[in-house]
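See below for the structure under consideration.
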Amino acid sequence: MKKRAVPAKGSPRKTAAPAAFKATAAEKARANKILDLLEQAHPEATCALHWRTPYELVMATILSAQCTDERVNMVTPGLFARYPDAAALAAARPADVERIIKSTGFFRAKTKSLMGCARGLSELHGGEVPRSLDVLVKLPGIGRKTASVVLGHAYDLAEGIAVDTHVLRVSNRLGIAHSGEPLVVERQLMALIPRERWTRTTDLLIFHGRKICDARRPLCGSCPVFALCRWEHRQAFALGGKLPKVTRPRVARPPAPRKGARPAARRRKA
Numbered sequence: 336m337k338k339r340a341v342p343a344k345g346s347p348r349k350t351a352a353p354a355a356f357k358a359t360a361a362e363k364a365r366a367n368k369i370l371d372l373l374e375q376a377h378p379e380a381t382c383a384l385h386w387r388t389p390y391e392l393v394m395a396t397i398l399s400a401q402c403t404d405e406r407v408n409m410v411t412p413g414l415f416a417r418y419p420d421a422a423a424l425a426a427a428r429p430a431d432v433e434r435i436i437k438s439t440g441f442f443r444a445k446t447k448s449l450m451g452c453a454r455g456l457s458e459l460h461g462g463e464v465p466r467s468l469d470v471l472v473k474l475p476g477i478g479r480k481t482a483s484v485v486l487g488h489a490y491d492l493a494e495g496i497a498v499d500t501h502v503l504r505v506s507n508r509l510g511i512a513h514s515g516e517p518l519v520v521e522r523q524l525m526a527l528i529p530r531e532r533w534t535r536t537t538d539l540l541i542f543h544g545r546k547i548c549d550a551r552r553p554l555c556g557s558c559p560v561f562a563l564c565r566w567e568h569r570q571a572f573a574l575g576g577k578l579p580k581v582t583r584p585r586v587a588r589p590p591a592p593r594k595g596a597r598p599a600a601r602r603r604k605a
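Now the structure itself:
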């Protein structure tokens, strides 16, 4: 894929759109074939967070940063029972919120994001979650990934592709992305995949990354897209191998002083 444009320097990191890419017809066909196979292998793939309203999905997604979805799902019932809407959460005591979400990690920062987002929803949007990515990312705690998850699953609006660690890893291994930057990978995937599949792409790649394409022990021998995968280590893992060890050059060390030898005199600075 060829890069078409470069984002302007100095753009805000949170709201900056990823640079545009152009994909060939063959690249698009291959990417969609991979998605078709993943769809057949993982028809149950969906957002793992438990939610009932767009407000709950926003808060659950904010909590999921650096935390497992399973842990978030254990915490959110108590959080939503006490604060069922944005107005209630905006008026909460920070210490009470911190106590409820503490097990998700980074609870002080997350409390600040949750309450700041709730305050923005309540004061600026009447408690409703906006249906615009550009508006959503202006709220505390919401970046492109969170906004794409919320719009795609709560409103069936495809404004982007949420790229988390699983999507980043799996897309690069498969060879449908070629970057370690989420914004770059998002635009590469958006160039390959039709808009109506964007939300589903995130769900399928995350599910595949959790079930098959594990970071440390991928099950390449059971992978439904093995034949289309371009990861250089796939064959080794299909045969039960391991990632090759990275050999580091040895650093030459001065010989140890002989026993009883007097230490060398230090030179005085001029």
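The opening position of the sequence shown corresponds to residue 336 in this note's numbering, with each subsequent residue numbered one higher. We treat Cβ as the ideally placed atom computed from N, Cα and C, and that holds for glycine. This structure is a prediction, so every number in the text was calculated from the model and none was measured.
Per-residue DSSP class, three states only, for residue i
i	result
LYS480	helix
PHE356	strand
PHE441	coil
LYS546	helix
ASP491	coil
ASP431	helix
GLN401	coil
GLU391	helix
LYS447	helix
VAL581	Here the model assigns VAL581 a pLDDT of 47, short of 50, so the residue's position is not dependable and the matter cannot be decided.
LYS473	coil
SER514	coil
LEU574	coil
THR381	coil
ALA497	coil
TRP533	helix
SER467	coil
PRO559	coil
GLY413	helix
Per-residue burial, residue i [other beta carbons within 10 Å of its own, 16 or more giving buried]
i	result
GLU379	exposed
GLN523	buried
HIS543	buried
PRO529	exposed
ALA409	Rather than Ala, the amino acid found at residue 409 in this sequence is Met. Counting Cβ neighbours within 10 Å, MET409 comes out exposed, since fewer than 16 surround it.
GLU521	buried
THR537	buried
PRO494	Looking at the sequence provided, one finds Glu at residue 494 rather than Pro. When all chains shown are included, GLU494 counts as buried.
LEU574	exposed
ALA395	buried
ALA364	exposed
GLY476	buried
ALA416	exposed
VAL581	Low local confidence applies: a pLDDT of 47 at VAL581 is under 50, so the model's placement there is unreliable, and no value is given.
SER506	buried
THR500	exposed
Opening and closing residue of the alpha helix (DSSP H) in which residue i lies
i	result
ARG565	From DSSP, ARG565 is part of no alpha helix (DSSP H); its letter is neither H nor E.
SER506	500–509
VAL519	517–527
LEU424	421–425
Expected contact under 8 angstroms - CB spacing of residue i and residue j to nearest Å
i	j	result
LYS357	ALA526	6 angstroms
VAL502	LEU540	5 angstroms
GLY455	LEU424	Rounded, the Cβ-Cβ distance is 11 angstroms, inconsistent with contact.
CYS421	ALA453	The question names Cys, but residue 421 is Ala in the sequence shown. Confirmed, Cβ separation roughly 4 angstroms.
ILE360	PRO559	In the sequence as displayed, the identity of residue 360 is Ala instead of Ile. Between PRO559 and ALA360 the Cβ distance is about 24 angstroms, and since that is not below 8 angstroms, they are no contact.
CYS382	GLY440	With a Cβ gap of about 20 angstroms, CYS382 and GLY440 do not count as contacting.
ARG565	LEU509	6 angstroms
VAL432	LEU449	6 angstroms
CYS548	ARG504	7 angstroms
LEU468	ALA482	5 angstroms
Residue i: CB within 7 angstroms of a non-hydrogen atom of the ligand COA
i	result
ALA358	No copy of the ligand COA appears in this structure; indeed no ligand is present at all.
Beta carbon proximity, residue i to chain C, threshold 8 angstroms
i	result
ALA380	Although the question refers to chain C, the structure presented lacks it and comprises just one protein chain.
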